[in-house]
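A.B. asks: After the structure tokens below, expect a handful of questions from me.
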Amino acid sequence: MRSALPSRAKKEKRGGFVVRVGVLALLLASSLPSCARGVHSGTVLVLAPVAMRPPLEEAARVFQERTGTAVELRFGSSGKILSEIELARRGDIFVAVCPEYMEEAMKRTLLIPGSERVLAYLVPHLVTPADNPKGVRTLEDLTRPGIRVALPDPRAACAGRYAREVLERAGLWNRVLPNLVAYTEDWEKLAQALALHAADAGIGWGRNQFSRPEEIQDIPIPPEHLPRVSYVAAALLRSSSPAARAFLDFLAGEGGKSLLARKGYITTRDELSRYVLPGTPVGGSWSPPPPGLGRVP
């Protein structure tokens, strides 16, 4: 078995933290591509899943400070975002944490071919409230009587697809079903439910992919139970502006990758290998069961 996720570093003292954030912002701004430095007008509209909220909000701020170009961020579940893009036919950059949604967007001719850039990798985790009152430590614990399990809806959220695959791989899906109290619209809402103790445990991304990471706990899933891992990709929509390409170049460049790493995202294959077995697929697809099976598909 590979090594578990590294422990979270102790919080830095307030004064040192402010200084380091300021230095990081300066470094990120200076690392913007030269083409971005000439962009001074317009707004870049980015449509992204909520798992990318923490780094994208910081990246948008740095990019606007350096170039004068505002970046508007709209978050939601991957499936909902894709439907809105197709309906409205507007926007500049589409970000997906499921390769299936990026492939679907390409099939629907919503993206500029060849513009896709891989930004980071995501690994499913067992997640609980920060204090973990039910002592959930393993996937098997999700089958214990009285454990309230919540999962992202696999019909709309990427994290939900991976959650179901993990449980099926472990042979636990049918045993967990009696404890399943809710499907959430996306990963963020699952994390919120856990933070409010509306559920005892679930499966989603790591706590660094939540806007309030201190309110939940993530527990590594044994590598042998991970059928695949996901990656975060961004691509230009056909309605995109020149400023959008500059922002995409920033996200995929040294400045963006540095920001993602600081936020706790896995940005290299070498780092990813610490959490998965050799040969574990990155990306791939999963087909949801047929509709008509009520709240539990």
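One rule links them: number in our numbering = place in the sequence shown (from 1) + 1025.
Don't be surprised by glycine CBs; every beta carbon is placed ideally from N, CA and C.
Between the stretch 1267–1286 and the stretch 1222–1239, do three or more beta carbon pairs fall short of 8 Å?
C.D. replies: Judged by Cβ distances under 8 Å, the stretch 1267–1286 makes no contact with the stretch 1222–1239, as fewer than three pairs qualify.
A.B. asks: Suppose the cutoff is 7 Å on Cβ atoms and the five residues either side in sequence are ignored; what does the same chain contact list for Ser1269 look like?
C.D. replies: It is worth fixing the name first, because residue 1269 is Ala in this sequence and not Ser. Same-chain partners within the cutoff: Val1069, Asp1117, Ile1118 and Leu1261.
A.B. asks: Within this structure, are the beta carbons of Ala1188 and Pro1177 separated by less than 8 Å?
C.D. replies: The answer is yes: Cβ separation under 8 Å.
A.B. asks: Taking DSSP as the reference, what is the three-state secondary structure of Val1301?
C.D. replies: In this structure, Val1301 counts as coil in the three-state DSSP scheme.
A.B. asks: Would you call Ser1059 buried or exposed, if buried means 16 or more other Cβ atoms sit within 10 Å of its Cβ?
C.D. replies: Since pLDDT at Ser1059 reaches only 37, below the 50 mark, its modelled position is unreliable, and the value read off the structure follows with that caveat. With fewer than 16 Cβ atoms within 10 Å of its Cβ, Ser1059 is classed as exposed.
A.B. asks: Please list, in chain order, all residues of the same chain as Ile1110 whose beta carbon is under 8 Å from its beta carbon, the five residues on each side excluded.
C.D. replies: The residues are Leu1072, Gly1116, Phe1119, Ala1130, Leu1135 and Leu1262.
A.B. asks: For Leu1205 versus Val1174, is the C-beta distance shorter than 8 Å?
C.D. replies: Yes, the pair counts as a contact, with Cβ atoms nearer than the cut-off.
A.B. asks: Is the beta carbon of Ala1258 less than 8 Å from the beta carbon of Arg1142?
C.D. replies: Yes, the Cβ-Cβ distance between Ala1258 and Arg1142 is below 8 Å.
A.B. asks: Tell me which residue opens and which closes the beta strand (DSSP E) that Gln1234 is part of.
C.D. replies: From DSSP, Gln1234 is part of no beta strand (DSSP E); its letter is neither H nor E.
A.B. asks: Determine the extent of the beta strand (DSSP E) in which Glu1097 is found, giving its start and end residues.
C.D. replies: Run containing Glu1097: Ala1095 to Gly1101, per the beta strand (DSSP E) assignment.
A.B. asks: Rounded to a whole number of angstroms, what is the C-alpha to C-alpha distance between Pro1179 and Arg1099?
C.D. replies: In a straight line, the C-alpha of Pro1179 is about 21 Å away from that of Arg1099.
A.B. asks: Given a cut-off of 8 Å, decide if Ser1102 and Glu1210 are closer than it, judged by their beta-carbon atoms.
C.D. replies: Taking 8 Å as the Cβ cut-off, Glu1210 and Ser1102 qualify as a contacting pair.
A.B. asks: Between the Cα of Arg1015 and those of Val1254, Leu1167, Arg1232 and Glu1213, spot the shortest distance and give me the residue it belongs to.
C.D. replies: Not covered by the structure: residue 1015. The range shown for the chain is 1026 to 1322.
A.B. asks: Output the distance between the C-alpha atoms of Pro1124 and Phe1272, rounded to the nearest integer angstrom.
C.D. replies: Those two C-alpha atoms are separated by around 21 Å.
A.B. asks: Would you tell me roughly how many angstroms separate the C-alpha atoms of Glu1165 and Glu1249, rounded to the nearest one?
C.D. replies: C-alpha separation (whole angstroms): 14 Å.
A.B. asks: Using the Cβ count rule (16 or more neighbours within 10 Å means buried), how would you classify Arg1039?
C.D. replies: With a pLDDT of 42 at Arg1039, under the threshold of 50, the predicted position of this residue should be treated as unreliable, and no value is reported.
A.B. asks: Near Ile1241, what residues of its chain come up, given a Cβ to Cβ distance below 8 Å and the 5 sequence neighbours on each side ignored?
C.D. replies: The answer, listed in chain order, is Val1152, Thr1153, Pro1154, Ala1155, Ala1216, Leu1219, Ala1220, Arg1232 and Phe1235.
A.B. asks: What are the uninterrupted segments assigned as alpha helix (DSSP H) that are 4 or more residues long and contained completely in the stretch 1165–1250, given in chain order?
C.D. replies: Here the runs fully enclosed are 1183–1194, 1198–1201 and 1212–1220.
A.B. asks: Going by CA-CA distance only, name the one from Ser1298, Val1307, Leu1107 and Gly1281 that's closest to Ala1182.
C.D. replies: For Ala1182, the nearest C-alpha among the options comes from Leu1107.
A.B. asks: Using three-state DSSP, classify Arg1263 as helix, strand or coil.
C.D. replies: Here Arg1263 sits in coil by DSSP.
A.B. asks: Nearest-angstrom Cα distance between Ser1266 and Tyr1146?
C.D. replies: Near 27 Å, if we compare the C-alpha coordinates of Tyr1146 and Ser1266.
A.B. asks: Short check: CB of Ile1246 to CB of Val1191, under 8 Å?
C.D. replies: Yes.
A.B. asks: Let's test the definition: count the other Cβ atoms within 10 Å of the Cβ of Pro1138 and tell me whether it reaches 16, buried, or not, exposed.
C.D. replies: With fewer than 16 Cβ atoms within 10 Å of its Cβ, Pro1138 is classed as exposed.
A.B. asks: Please report the distance separating the alpha-carbon of Arg1186 from that of Ala1095.
C.D. replies: Those two C-alpha atoms are separated by around 33 Å.
A.B. asks: Would you report the Cα separation of Tyr1290 and Pro1079, rounded to the nearest angstrom?
C.D. replies: About 10 Å.
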